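*Asks:* Residue numbers for the sequence shown, in UniProt numbering: 1 to 861.
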Amino acid sequence: YFIYFLVVHCRTAVLLNLLLLSLSIYSFPEEIKRGSVIGNVAKDLGLPTGALSVRRARIDTDGADKRYCDLNLKNGELIVADRIDREGLCGEKASCILKQELVLENPLELHRISLHIQDINDNSPQFNEELIDIEIQESADRGARFVIEEAHDADVGQNSVQQYSLEQNENFILAADGNKLELILDKELDREKQNEIKMTLTALDGGSPQRSGTAVIHVSVLDANDNAPVFSQAVYEASLPENSPLGTVVITVSATDADEGVNGVVTYDFGHVSEEGKKVFSIDRKKGEIRLIDIVDYETTESYEIRVKAKDGLGLSSYAKAIISITDVNDNAPLINLKSLTNPIPEDIPPGTEVGIINVQDRDSEKNRQVFCSIQQNLPFKLVPSIKNYYSVVTTGQLDRELVSDYNITISATDEGSPPMSSSKTVHLSVADINDNPPVFEEQSYSAYVSENNKAGSTLCSVTARDPDWRQNGTVIYSLLPGEVNGAPVSSYVSVNGDTGVIHAVRSFDYEQFKSFKVHVIARDNGSPPLSSNVSVSVFISDVNDNSPQILYPAPEGSSFMTELVPKAAHGGSLVSKVIAVDVDSGQNAWLSYHIVKSTDPGLFTIGLHSGEIRTQRDISESDSMKQNLIVAVKDNGQPPLSATCAMYLLISDNLAEVPELKDISYEEKNSKLTSYLIIALVCVSTFFLTFIIIILGVRFCRRRKPRLLFDGAVAIPGAYLPPNYADVDGTGTLRSSYNYDAYLTTGSRTSDFKFVSSYNDNTAAYQKNTLRRLSAERGSLKVRAGPQHPYTLTQINITLLLGWVDIILRSLNHVLMKTVIKNFPLKNGKKKKMHRMSEKYTGQTAEVHTSCSVTAILMQ
């Protein structure tokens with residue numbers, strides 16, 4: 001039968017449910033084989049077998065140190081875990097019940113299990129002594145009774161001693177009344193006939209199969225004047241507090257003997273007593289004092305029953321019973337047992353969550369076992385009573401692992417004894433981390449400074465983010481937020497180490513392109529879901545003196561030269577010219593200074609150190625050379641400094657008419673360069689020309705000639721096949737004007753003659769009349785005639801065309817060279833005009849030759 005107790009406690013608006021299930025007693029015999037199934041808990045509780053594993057079901061003991069049964073989580077069977085001996089566990093108690101507890105979690109539930117250990121007949125009855133000596137006077141009356149110590153059986157109930165039997169004899173019969181066994185004299189004794197009698201006493205239990213034990217009764221027949229000792233009372237009772245000191249006299253037994261002298265001296269000894277009793281008590285053989293020789297414990301044994309034997313000098317003996325009851329004192333502090341604990345607990349559990357169950361036991365009795373439990377202050381936990389001696393550990397506030405990751409909860413229990421006793425137990429509770437904190441950077445923003453022209457891979461700076469969460473929730477990974485710098489992805493400029501947060505340059509920076517840029521770094525943890533934060537990193541590029549000054553005026557030396565006129569009447573300090581320069585660097589790298597490094601007359605001119613102004617140091621004199629050359633250096637203030645130079649040519653004259661033709665080294669250099677260019681051009685043209693001639697001749701002479709067409713007279717070609725009049729419309733072709741022409745073929749030659757019928761350009765027509773032969777034909781018709789070969793062969797015309805094209809190439813090259821000279825060299829006005837006229841003449845002639853060659857080539861088709 002199953003009884004379900006539902007205990008509901010409402011504390012601080014929190015409903016706590018603890019289900020207490022008292023199962024019907026699982027009864028099974030002692031000494032059952034280990035692993036034997038004694039019940040099915042899952043079936044009895046109505047739980048699916050899989051729930052036992054999920055809910056972490058386990059068997060717990062109720063204050064015992066040993067667990068005698070286990071739970072199979074797969075099928076819910078309750079199995080025997082260890083040897084179970086009822087006599088060892090419960091002794092002579094009629095009922096032997098072991099209390100076990102089944103604990104379930106999620107939610108927390110406690111189910112009590114009672115194991116009823118059934119006795120089996122595994123012990124035989126035993127007498128305390130195998131030989132029982134009894135002395136009886138021969139004068140004893142018929143019906144006299146003599147007490148005999150009974151047999152004992154460790155089994156209980158029906159398996160204990162149920163009956164006795166005495167070997168048949170003439171003098172005695174046996175009387176058994178409960179635990180009292182007496183030998184009754186049935187026939188008077190006669191010492192002269194028989195001075196001793198031996199009989200076998202048998203004890204039988206009620207088990208199946210039945211077991212028995214035997215002892216021999218030895219009766220000595222004494223003279224009529226002999227007397228056995230007699231106790232003052234048959235049963236002695238006493239109470240002994242369990243905290244009594246050793247040596248305490250518990251009971252004093254007393255027996256008297258009517259005999260005189262040594263026959264009347266009585267000695268005392270223990271008859272039947274348990275092994276535990278022999279360890280705890282002793283008896284004074286002369287005084288009959290039973291003393292305490294070992295500690296007694298009420299919680300272990302509540303009472304002791306001892307058989308005391310009195311014996312006189314003749315060997316006559318008698319028996320009495322001593323019953324010692326142990327009284328309880330408050331000598332046991334409460335025992336705190338942790339029945340269930342959810343550990344670790346998530347930090348985000350709501351207040352009022354039950355995280356553990358404790359059980360408090362006090363082995364004392366009555367008032368001494370009443371217990372009050374408490375928990376230490378300043379902790380977000382409290383104890384809530386559930387059922388008798390059970391408490392729930394409940395949260396009272398929000399937990400935060402980042403503030404407190406572990407709790408040591410000290411639970412105190414105090415009983416109501418006098419004086420009260422208390423105990424405490426510390427429960428270690430860990431708080432499981434939840435990813436509730438994003439990474440936080442140590443600074444709100446970061447700045448990195450790097451010099452331009454840095455090496456790729458160099459370190460710019462390092463960012464650090466902290467995440468107070470634990471393990472993977474607190475592991476930070478760094479990455480760049482996608483973006484652009486000057487139109488390029490930010491990843492092409494910098495990179496960040498995902499583990500360390502070190503930012504590296506991907507490329508070399510140029511201060512002149514950009515002076516700073518900003519990137520954003522993301523710090524992300526490995527939680528689920530991951531949390532992140534970002535920070536801005538400003539990268540500032542510092543200038544390096546990597547650019548030389550650039551001279552804007554005059555042009556730097558080597559590319560051109562500049563001439564300035566200086567009046568002959570110039571006085572000292574007069575401004576002659578000014579050098580203008582810039583430097584794309586910044587700061588001191590762009591601070592420029594000007595110096596004259598070379599001059600025709602070192603004392604005539606000076607230049608401003610920072611202004612670049614060229615001034616006369618003194619008045620101009622007649623003895624000063626008309627041509628003054630200055631080499632000016634412009635130097636920046638970087639480390640190391642960079643510089644640039646320029647040449648300035650000064651003419652001391654009032655006007656250009658007084659200046660003779662200038663001929664400088666630079667002209668010679670330019671002429672020498674021009675000569676080199678002309679030679680290279682002529683060699684290229686000559687090579688091309690020779691190659692072209694060889695190709696043409698090879699093609700013409702290797703070509704297989706076709707057979708002549710033989711006609712027997714004039715053959716009229718059908719009009720459908722007569723070619724139309726060809727015209728180049730609007731001058732869109734290679735000709736300058738439009739032409740109409742007729743073509744004639746002869747049968748004996750592959751050459752063709754042609755004439756121009758009309759022309760839109762008179763000059764061109766006149767030129768063509770001088771170079772071509774006119775033939776008569778009808779306009780728009782084409783006829784093939786047999787007759788003599790034409791005087792101009794096709795080979796001759798091809799050679800003429802070739803020479804014409806070569807002439808075009810040479811004239812074009814001459815035109816280009818003249819234009820180059822006019823553009824790049826300063827010439828007098830007369831020479832310039834002359835070279836312009838020659839260039840235009842070459843242009844016209846080239847065009848005419850080009851036209852003629854084009855027309856000829858077209859007609860040859």
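Built from N, CA and C at the ideal position, the CB exists for glycine as well. For clarity, every value in this text was computed on a predicted model and none was experimentally measured.
So does Leu-338 have its beta carbon nearer than 8 Å to some heavy atom of the ligand SAM?
*Replies:* No copy of the ligand SAM appears in this structure; indeed no ligand is present at all.
*Asks:* Could you tell me which residues DSSP pairs with Leu-98 in its beta bridges?
*Replies:* DSSP, once it has assigned bridges, lists Leu-115 as partnering Leu-98.
*Asks:* Which residues bound the beta strand (DSSP E) around Glu-77?
*Replies:* That run of the beta strand (DSSP E) goes 77-80.
*Asks:* Pull the bridge partners of Tyr-236 from the DSSP assignment, please.
*Replies:* DSSP output for Tyr-236 lists Ala-322 as bridge partner(s).
*Asks:* Should His-428 be labelled buried (16 or more other beta-carbon atoms within 10 Å of its own) or exposed?
*Replies:* Exposed: under 16 other Cβ atoms inside 10 Å.
*Asks:* Could you tell me which of Ala-154, Phe-231, Val-253, Pro-640 sits nearest to Gly-207, measuring between CA atoms?
*Replies:* Comparing Cα-Cα distances from Gly-207 to each of Ala-154, Phe-231, Val-253, Pro-640, the minimum goes to Ala-154.
*Asks:* Along the alpha helix (DSSP H) that carries residue 875, what are the first and last residues, could you check?
*Replies:* In the structure as shown, the chain starts at 1 and stops at 861, and residue 875 therefore has no counterpart that could be examined.
*Asks:* Do you know whose CA, among Pro-419, Ile-32, Glu-347, lies nearest Asn-437's CA?
*Replies:* Ranking the options by Cα distance to Asn-437, first place goes to Glu-347.
*Asks:* Tell me whether Asn-486 is buried or exposed, calling it buried when 16 or more other Cβ atoms sit within 10 Å of its Cβ.
*Replies:* The residue in question, Asn-486, is exposed, as its Cβ has fewer than 16 Cβ neighbours within 10 Å.
*Asks:* Rounded to whole angstroms, what's the CA-CA distance from Tyr-319 to Glu-30? Just pull it up for me.
*Replies:* When rounded, the distance between both Cα atoms is 35 Å.
*Asks:* In terms of DSSP beta bridges, what is Ile-631 paired with?
*Replies:* Answer by DSSP bridge pairing, in chain order: Lys-598, Ala-647.
*Asks:* Tell me whether Ile-120 sits in a helix, a strand or coil according to DSSP, three-state version.
*Replies:* It is coil, neither helix nor strand.
*Asks:* Under the DSSP definition of a beta bridge, which residues are partnered with Cys-461?
*Replies:* According to DSSP, Cys-461 bridges with Ile-503.
*Asks:* So for Ala-258, helix, strand or coil by DSSP?
*Replies:* Coil, per DSSP.
*Asks:* Considering only DSSP beta bridges, list what Gly-213 is partnered with.
*Replies:* Partner(s): Ala-203.
*Asks:* Is residue 870 helix, strand or coil when you go by DSSP?
*Replies:* Since the first residue shown for the chain is 1 and the last is 861, residue 870 is missing from the structure and cannot be characterised.
*Asks:* Could you compute how far the alpha carbon of Ser-160 sits from the alpha carbon of Ala-234?
*Replies:* Taking the straight line from one Cα to the other gives about 25 Å.
*Asks:* Skipping 5 residues on each side, what residues in its chain have a beta carbon closer than 7 Å to that of Glu-105?
*Replies:* Arg-55, Arg-56, Ser-340, Thr-342.
*Asks:* In angstroms, rounded to a whole number, what distance separates the CA positions of Gly-35 and Tyr-68?
*Replies:* Cα to Cα, Gly-35 sits roughly 11 Å from Tyr-68.
*Asks:* Give me whichever residues DSSP pairs with Glu-135 in a beta bridge.
*Replies:* Answer is Ser-220, bridged to Glu-135.
*Asks:* What residues are listed by DSSP as bridge partners for Gly-356?
*Replies:* Answer is Leu-341, Val-393, bridged to Gly-356.
*Asks:* My assumption, with CB atoms under 8 Å, is that Gly-587 sits in contact with Gln-617. Please give the rounded CB distance.
*Replies:* Not quite, the Cβ-Cβ distance comes to about 33 Å (not below 8 Å), so this is no contact.
*Asks:* DSSP three-state label for Asn-534, please.
*Replies:* Reduced to three states, the DSSP call for Asn-534 is strand.
*Asks:* Which residues mark the beginning and the end of the beta strand (DSSP E) in which Val-494 is found?
*Replies:* Per DSSP, Val-494 belongs to the beta strand (DSSP E) from 494-496.
*Asks:* Since Arg-83 is in the beta strand (DSSP E), which residue starts that stretch and which ends it?
*Replies:* Segment: none, Arg-83 is in no beta strand (DSSP E) and carries neither H nor E.
*Asks:* Closest to Phe-381 by C-alpha separation, out of Gln-398, Asn-454, Arg-369, would be which residue?
*Replies:* Considering only alpha carbons, the answer is Gln-398.
*Asks:* In the DSSP assignment, what residue or residues form a beta bridge with Thr-563?
*Replies:* DSSP lists Tyr-649 as partners of Thr-563.
*Asks:* Can you list, in chain order, the residues of its chain whose CB lies under 8 Å from that of Ser-643, leaving out five sequence neighbours each side?
*Replies:* These residues qualify, in order along the chain: Ser-548, Pro-549, Ala-633, Val-634, Lys-635, Asp-636.
*Asks:* What does a CB cutoff of less than 8 Å around Val-308 pick up in its chain, not counting 5 residues either side in sequence?
*Replies:* Answer for Val-308: Phe-231, Tyr-236, Val-253, Tyr-268, Asp-269, Phe-270, Gly-271, Ile-283, Gly-288, Ile-290, Tyr-319, Ala-320, Lys-321, Ala-322, listed in chain order.
*Asks:* Using only alpha-carbon positions, find the residue among Gly-457, Leu-335, Val-384 that is nearest to Met-421.
*Replies:* Out of Gly-457, Leu-335, Val-384, Leu-335 has the C-alpha closest to the C-alpha of Met-421.
*Asks:* Alpha helix (DSSP H) containing Val-249: first to last residue?
*Replies:* No alpha helix (DSSP H) holds Val-249; the beta strand (DSSP E) holding it covers 249-252.
*Asks:* Does Tyr-304 pass the burial test, meaning 16 or more other C-beta atoms within 10 Å, or should it be called exposed?
*Replies:* So Tyr-304 ends up on the buried side.
*Asks:* Which residues bound the beta strand (DSSP E) around Thr-414?
*Replies:* From DSSP, the beta strand (DSSP E) with Thr-414 extends over 406-415.
*Asks:* Can you round the beta-carbon distance between Ala-151 and Gln-126 to whole angstroms, since I take them to be within the 8 Å contact cut?
*Replies:* Right, their Cβ atoms sit about 6 Å apart.
*Asks:* Whose C-alpha, out of Lys-93, Leu-89, Ile-113, Ala-465, is nearest the C-alpha of Leu-45?
*Replies:* For Leu-45, the nearest C-alpha among the options comes from Ile-113.
*Asks:* Starting from His-520, follow its DSSP beta bridges and name the residues at the other end.
*Replies:* Paired residue(s): Ser-536.
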